[in-house]
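From first to last, the protein sequence lines stand for chains A and B.
Going by our numbering, the first sequence runs without a break in its numbering and finishes at 1383.
Going by our numbering, the second sequence runs without a break in its numbering and finishes at 1383.
In this text, a Cβ means the ideal position worked out from N, Cα and C, and glycines have one as well.
First comes the structure, then the notes that go with it.
Protein chains: 2
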Amino acid sequence: MNPKEKIRALVSNFRPLNPEEVELIVEKTVVKNFKKGEILLREGQIPTKCYMVVEGCVREYLIKDGEEKSTAFYTESETFTPQSQQSKPSKHYWECIEDCVLTVSTKSYEEELLDILPRLELVFRQIAIDKINLAKAEWSEFISSSPEERYLNLQKTKPYLFDRVPHHQIASYLGMKPQSLSRIRKRISDTKNS
Amino acid sequence: MNPKEKIRALVSNFRPLNPEEVELIVEKTVVKNFKKGEILLREGQIPTKCYMVVEGCVREYLIKDGEEKSTAFYTESETFTPQSQQSKPSKHYWECIEDCVLTVSTKSYEEELLDILPRLELVFRQIAIDKINLAKAEWSEFISSSPEERYLNLQKTKPYLFDRVPHHQIASYLGMKPQSLSRIRKRISDTKNS
DNA sequence: CAATTCTCTTGTCATCTGTCAAGTATTCTG
DNA sequence: CAGAATACTTGACAGATGACAAGAGAATTG
Chain A
1190 MNPKEKIRAL
1200 VSNFRPLNPE
1210 EVELIVEKTV
1220 VKNFKKGEIL
1230 LREGQIPTKC
1240 YMVVEGCVRE
1250 YLIKDGEEKS
1260 TAFYTESETF
1270 TPQSQQSKPS
1280 KHYWECIEDC
1290 VLTVSTKSYE
1300 EELLDILPRL
1310 ELVFRQIAID
1320 KINLAKAEWS
1330 EFISSSPEER
1340 YLNLQKTKPY
1350 LFDRVPHHQI
1360 ASYLGMKPQS
1370 LSRIRKRISD
1380 TKNS
Chain B
1190 MNPKEKIRAL
1200 VSNFRPLNPE
1210 EVELIVEKTV
1220 VKNFKKGEIL
1230 LREGQIPTKC
1240 YMVVEGCVRE
1250 YLIKDGEEKS
1260 TAFYTESETF
1270 TPQSQQSKPS
1280 KHYWECIEDC
1290 VLTVSTKSYE
1300 EELLDILPRL
1310 ELVFRQIAID
1320 KINLAKAEWS
1330 EFISSSPEER
1340 YLNLQKTKPY
1350 LFDRVPHHQI
1360 ASYLGMKPQS
1370 LSRIRKRISD
1380 TKNS
């Protein structure tokens, strides 16, 4: 499956669009390749672009007390956009942790599309709402779980991350140190094999 | 300040609306009073209404392992809406933990308003985006903090909650037991006074 | 392909949180 | 206003995580 086909498949999931509309978007979509290690956005920079992952994995993190704290991992079909509409400097970094194929979109490109397809407003709103709900569900899960439960939950919901992301980055995403993640994994595998 | 005036002040904050549009919304807004202890939504029920707090405090919580886990507290000017657009049963409860004055809105009311004021779509999208960003910022904060730091942060950002909400509910919101919250508070006040 | 860097694991010890339990203070209700 | 229910604090102990350190293993790079 080449990038265009992948994008078509992803855009088709956006609810109330018909095939012609999907095709229009696919044609106008800008796709770019990025190497592992490339930084799409740094702390303090003003973000202007929106991305969707066609292939690869992007990590979002911030630096606190001199340490990198991962706050999100974006993989195939996930979108990530500037935190604020008001051009505020970013608090976090976006880093490709694999070779990536991403769609890239700007504010003006977005407005251009909206002019042609006003119904996209609905789609964008739906994406926003879905993101809220996802964030909310994850938040509830996180708050009400112990570190070990959080590990088990992530392994259940996104098992592929453990093969693709260095464990110390996953550890900070789970709110713990790499050593703790290592011990939890050992504890669980010990329990299984006894 | 009576409820109508409060609503006018709150709606005026919605960016690209002019005074006439604000007035139209204020007039059409339905306001209701709720007693402390009233449950607006229970787990398993299908949520149909959106609310905005004019006065009072609403707690959102879910039950996990037989315990109530608070996931949000909504106070003056904050909105809360169904998790999903697809009429799924709710996973959480909404409970008035003070006597409340709330604006109540339904899907059909929302559509009616959108017919009259199509530009509201923009406002709704902006609210959704703001909510995402807020949730994201809180998430980053939560992930990268220890329980004690989370307590200090909440006291800095929403100090009023500690006077209005039972501490054991705040404790579960911070991902800890009431005893731990109590100890943290003692530890900090001991340090201050030494 | 060898050396360097990065990553993961393991050990020890101090500290913090969870659990169980009891006692005090506060609020609610008849 | 008195009794009951709820909320908060404190103590002791077990278990888990954080900090520090060292070593094994894997990946990267020149």
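In three-state terms, what does DSSP make of residue i?
{"i": "arginine 1308 (chain B)", "result": "coil"}
{"i": "glutamate 1210 (chain A)", "result": "helix"}
{"i": "threonine 1268 (chain B)", "result": "strand"}
{"i": "valine 1354 (chain A)", "result": "coil"}
{"i": "asparagine 1202 (chain A)", "result": "coil"}
{"i": "lysine 1366 (chain B)", "result": "coil"}
{"i": "asparagine 1191 (chain B)", "result": "coil"}
{"i": "lysine 1345 (chain A)", "result": "helix"}
On a Cα-Cα basis, can you pick out the residue from the options that is closest to residue i?
{"i": "proline 1367 (chain A)", "options": "A:Thr1295, A:Asn1342 and A:Pro1336", "result": "A:Pro1336"}
{"i": "phenylalanine 1351 (chain A)", "options": "A:Gly1364, A:Glu1338, A:Ser1334 and A:Leu1370", "result": "A:Leu1370"}
{"i": "tyrosine 1263 (chain A)", "options": "A:Phe1203, A:Thr1380 and A:Tyr1362", "result": "A:Tyr1362"}
{"i": "threonine 1260 (chain A)", "options": "B:Arg1197, B:Ala1324, B:Lys1375 and B:Ser1378", "result": "B:Ala1324"}
{"i": "arginine 1353 (chain A)", "options": "A:Leu1303, A:Ser1266 and A:Lys1225", "result": "A:Lys1225"}
{"i": "lysine 1253 (chain B)", "options": "A:Ser1279, A:Glu1256, A:Glu1330 and A:Lys1238", "result": "A:Glu1330"}
{"i": "serine 1201 (chain B)", "options": "B:Ser1266, B:Cys1285 and B:Ala1360", "result": "B:Ser1266"}
{"i": "proline 1236 (chain A)", "options": "A:Gln1272, A:Ser1297 and A:Glu1327", "result": "A:Gln1272"}
{"i": "lysine 1277 (chain B)", "options": "B:Cys1285, B:Gly1233 and B:Glu1210", "result": "B:Gly1233"}
{"i": "proline 1355 (chain A)", "options": "A:Glu1299, A:Ile1286 and A:Lys1375", "result": "A:Ile1286"}
{"i": "alanine 1326 (chain B)", "options": "A:Asn1207, A:Arg1374 and A:Tyr1250", "result": "A:Tyr1250"}
{"i": "glycine 1255 (chain A)", "options": "B:Glu1209, B:Ser1333 and B:Glu1299", "result": "B:Ser1333"}
{"i": "isoleucine 1228 (chain B)", "options": "B:His1281, B:Glu1301 and B:Tyr1298", "result": "B:His1281"}
{"i": "glutamine 1275 (chain A)", "options": "B:Ile1318, B:Ala1360, B:Thr1346 and B:Lys1375", "result": "B:Ile1318"}
By Cβ distance below 6 Å, which residues in the same chain neighbour residue i in space, the five residues on each side in sequence not counted?
{"i": "lysine 1195 (chain A)", "result": "Val1243"}
{"i": "cysteine 1289 (chain B)", "result": "Phe1223 and Gly1245"}
{"i": "methionine 1365 (chain A)", "result": "Pro1336"}
{"i": "valine 1220 (chain A)", "result": "Pro1192 and Thr1292"}
{"i": "leucine 1303 (chain B)", "result": "Leu1309"}
{"i": "threonine 1270 (chain A)", "result": "Cys1239"}
{"i": "isoleucine 1377 (chain A)", "result": "none"}
{"i": "leucine 1199 (chain A)", "result": "Ser1266"}
{"i": "arginine 1339 (chain A)", "result": "Leu1363"}
{"i": "arginine 1197 (chain B)", "result": "Val1215"}
For residue i, which residues from the same chain have a beta carbon less than 8 Å from its beta carbon, with the 5 sequence-adjacent residues on both sides left out?
{"i": "isoleucine 1316 (chain B)", "result": "Phe1203 and Thr1268"}
{"i": "arginine 1349 (chain A)", "result": "It should be pointed out that residue 1349 (chain A) corresponds to tyrosine in this sequence rather than to arginine. Thr1264."}
{"i": "serine 1279 (chain B)", "result": "Leu1230, Arg1231, Glu1232, Gly1233, Gln1234, Ile1235, Pro1236, Pro1271 and Gln1272"}
{"i": "tyrosine 1298 (chain B)", "result": "Lys1217 and Val1219"}
{"i": "lysine 1375 (chain B)", "result": "none"}
{"i": "methionine 1190 (chain A)", "result": "Ala1198"}
I want to check one thing, is the minimum distance from the CB of residue i to the heavy atoms of the ligand FAD below 7 Å?
{"i": "tyrosine 1282 (chain A)", "result": "What this structure holds is no ligand at all, so the ligand FAD is not there to describe."}
How close, in whole Å, do the beta carbons of residue i and residue j come, if the pair is a contact with beta carbons under 8 Å?
{"i": "tyrosine 1240 (chain B)", "j": "threonine 1295 (chain B)", "result": "About 11 Å; that fails the 8 Å criterion."}
{"i": "arginine 1314 (chain B)", "j": "phenylalanine 1313 (chain A)", "result": "6 Å"}
{"i": "glutamine 1358 (chain A)", "j": "arginine 1248 (chain A)", "result": "6 Å"}
{"i": "leucine 1230 (chain A)", "j": "tryptophan 1283 (chain A)", "result": "4 Å"}
{"i": "isoleucine 1321 (chain A)", "j": "lysine 1320 (chain B)", "result": "5 Å"}
{"i": "proline 1205 (chain B)", "j": "leucine 1311 (chain B)", "result": "6 Å"}
{"i": "leucine 1306 (chain A)", "j": "glutamate 1210 (chain A)", "result": "6 Å"}
Within a Cβ cutoff of 7 Å, which residues of the same chain sit near residue i, ignoring the five residues on either side of it in sequence?
{"i": "asparagine 1207 (chain A)", "result": "none"}
{"i": "threonine 1346 (chain A)", "result": "none"}
- prompt: Could you give the uninterrupted runs of the beta strand (DSSP E) lying entirely in the stretch 1224-1305 of chain A, keeping only those of 3 residues or more?
  reply: 1228-1230, 1238-1244, 1247-1253, 1256-1263, 1282-1285 and 1289-1295
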